[in-house]
Amino acid sequence: MLIKGGILATPEGTFEADVLVQGERVKAVGHGLPVVDDTLVVDAEGCYVLPGVIDAHTHIQLDTGIYQTPDDWFIGTRAAACGGVTTVVDFATQFAGQTLREAVEARLEEAQEASIDYAFHVMVTDLPPGREGELAELVDLGTPSVKLYTTYRPNYYADDATVLRLMEACAEFGLLPIVHCENDALVTAQTEALVEAGETGWRFHGRSRPALAEQEAIQRILFLAEAARCPVHIAHCSTSRSVALVSEARKWGQAISCETCPQYLLLDNSVYEGPEPWRYILQPPLRDPEEPDRLWALVEGGAVDLMVTDHCDYTLAQKVAQDDFPQTPGGLPGMETLLPLTYTYGVAEGRLALPQLVGLLSANPARVWGLWPRKGTLLPGSDADVVIYDPRPEGTISAEHLHHLAGYTPYEGLRVQGQIKATISRGQIVYRDGRFIGRKGQGQFLAREP
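As structure tokens, this is what we get:
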């Protein structure tokens with residue numbers, strides 16, 4: 150395959166070049182590349198040629214133990230491919246009675262119908278003192294990252310002593326923890342106060358999980374990680390202060406990375422006072438109207454490493470079942486809209502240069518999560534994961550044109566500049582000109598390096 154006539158974007162810059170693909174890999178980048186008679190030529194004239202997007206925080210076919218999304222791995226990865234995503238890093242949850250190995254093996258079984266490549270973080274929920282050695286198996290399994298929570302009692306919550314103990318083990322075995330940071334006591338107290346006052350409608354959701362709960366937990370996790378001499382990744386930062394705390398610790402030499410999501414850059418908590426607050430039930434919730442611009446400034450300045458979605462495909466019926474935020478499943482669909490939104494409100498509006506977008510969506514996720522240089526770049530020898538993005542069309546986001554099951558999107562009616570013309574996964578076109586043409590089971594599990 151020859152991808153011809155486009156503008157290639159890398160984290161270092163943009164330049165006109167063709168990309169020659171042989172089999173599943175990039176063979177060469179340049180001009181006048183040699184081709185044979187049966188070479189498929191893909192016209193990228195006037196388009197950007199980008200490394201495939203890596204959404205490194207997704208929840209496909211999610212089972213929380215309380216709520217389940219009705220999608221499966223084909224549905225989820227189809228939606229991803231239609232949005233230019235060629236790799237997802239999802240989660241293998243350790244349910245009650247499972248070993249870590251059993252959790253990974255069960256998730257591998259579920260993911261067999263994926264149409265793009267995938268990897269796993271492992272949610273560690275039951276590893277009592279004395280069993281820390283089991284974490285070493287995650288390196289052998291190709292899943293060298295663990296998810297920890299400072300909230301969600303009783304199933305996921307880890308107290309400070311447990312976090313420190315597991316971080317010390319992660320440092321020993323070369324694992325990278327990703328941490329959901331919210332102070333459980335503050336969230337619990339605020340939620341209980343709202344329930345006591347009868348204020349449980351969707352419109353009160355944002356008040357149940359204050360920004361202080363996130364910021365305090367991040368500060369505490371950074372302190373514990375430093376004590377354990379363990380690198381750490383902070384999940385879904387929703388406030389500028391959250392990112393500033395990471396930046397400050399990084400200045401002092403701590404090994405830290407962090408992520409944010411389009412919802413925290415494009416939406417704010419005024420929507421909870423609008424006519425459809427159910428669209429925006431997620432954890433952490435949306436923040437004050439001043440926060441998106443502050444957060445954008447930090448993204449522009451390079452303080453945020455990754456842009457992810459925290460995608461959850463709960464349906465409209467699940468979301469509107471009852472106007473009661475403690476009883477509404479939290480999470481938003483977003484994989485298919487990640488690239489168009491980041492391009493529109495980042496690059497097209499002048500906040501980001503195109504190389505920064507490539508860093509946030511492709512190169513940095515690959516580097517942080519042990520996929521570089523197989524993924525996240527278009528170097529010769531890398532997987533031929535490519536997105537051809539046409540910046541010229543204009544449109545608006547509508548749930549009826551998206552491929553997840555939810556039946557809604559939190560971004561309904563938002564303007565977008567440009568569209569995905571083609572998505573290529575390991576040399577195979579899986580989406581082109583508005584049609585998904587991939588197949589079930591085409592995706593591969595990616596065993597990652599520590």
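Just add 149 to the spot in the sequence shown (first one is 1) and you have this note's numbering. Even glycine gets a Cβ: it sits at the ideal position worked out from N, Cα and C.
Item, Value
"At least 3 beta-carbon pairs within less than 8 angstroms: the stretch 516 to 535 vs the stretch 579 to 592", "no"
"Length of the line joining the Cα atoms of Arg436 and Tyr560", "16 angstroms"
"Per DSSP, the bridge partner or partners of Asp192", "Lys153"
"Same chain, Cβ closer than 6 angstroms to Thr188, neighbours up to 5 away in sequence not counted", "Leu151"
"Beta-carbon contacts of Tyr429 that lie in its chain and below 7 angstroms, excluding the five residues immediately before and after", "Leu416, Val420, Tyr421, Leu435, Pro559"
"Unbroken alpha helix (DSSP H) run spanning Gly355, endpoints", "354 to 357"
"Three or more C-beta pairs below 8 angstroms linking the stretch 336 to 354 and the stretch 397 to 412", "no"
"Nearest to Tyr494 (by Cα), restricted to the options Tyr197, Gln412, Tyr463, Glu408", "Gln412"
"Candidates Gly483, Thr388, Leu394, of which the one nearest Cys231 by Cα", "Gly483"
"Same chain, Cβ closer than 8 angstroms to Asp582, neighbours up to 5 away in sequence not counted", "Lys570, Ala571"
"Sub-8 angstroms separation of Asp459 and His385 beta-carbons", "yes"
"Val185, buried or exposed, once every other Cβ within 10 Å from all chains shown has been counted against 16", "exposed"
"Cα-Cα separation between Pro445 and Thr388, rounded to whole angstroms", "The amino acid at residue 445 is misidentified as Pro; the sequence shows Trp. Those two C-alpha atoms are separated by around 10 angstroms."
"Residues near Leu335 by beta carbon distance below 6 angstroms, same chain, minus five either side", "Ala362"
"Under the three-state DSSP convention, the category Ala268 falls into", "strand"
"Alpha-carbon to alpha-carbon, Ala205 and Glu194", "30 angstroms"
"Straight-line Cα distance separating Gln368 from Glu173", "43 angstroms"
"Cβ pair His208, Gly556 closer than 8 angstroms", "no"
"Helix, strand or coil at Leu199 according to DSSP, with G and I counted as helix", "strand"
"Residue environment, Arg523, which counts as buried when at least 16 other CB atoms sit within 10 Å", "buried"
"Cβ-Cβ distance between Ala158 and Gly179 below 8 angstroms", "no"
"Beta-carbon proximity of Phe295 to Val271, cut-off 8 angstroms", "It is worth fixing the name first, because residue 295 is Val in this sequence and not Phe. Yes; because the gap between Cβ atoms is below 8 angstroms, this pair is in contact."
"Contacting residues, own chain, Cβ-Cβ under 6 angstroms from Ala596 (five flanking each side not counted)", "Gly291"
"Beta-carbon spacing of Glu283, Thr248 below 8 angstroms", "yes"
"Residue range of the unbroken beta strand (DSSP E) whose run includes Glu165", "162 to 165"
"Cutoff 6 angstroms; reference Leu510; Cβ partners in own chain excluding five residues on either side", "Val202, Met456"
"Proximity below 8 angstroms, CB of Val312 to CB of Pro599", "no"
"Buried or exposed (CB count within 10 angstroms, at least 16 for buried), Thr409", "buried"
"C-alpha distance - Ala285 paired with Cys319, whole-angstrom precision", "8 angstroms"
"Where Cys231 falls: helix, strand or coil (DSSP)", "helix"
"For Ser294: DSSP bridge partner residues", "Leu325"
"Extent of the continuous alpha helix (DSSP H) run through Lys400", "389 to 400"
"Beta-carbon contacts of Gly544 that lie in its chain and below 8 angstroms, excluding the five residues immediately before and after", "Arg564, Val565, Gln568"
"Candidates Val168, Glu439, Pro160, Ala245, of which the one nearest Asp532 by Cα", "Val168"
"Among Ile215, Val496, Glu262, the one whose alpha carbon lies nearest that of Pro540", "Val496"
"Contact check, Val536 vs Leu488, beta carbons under 8 angstroms", "yes"
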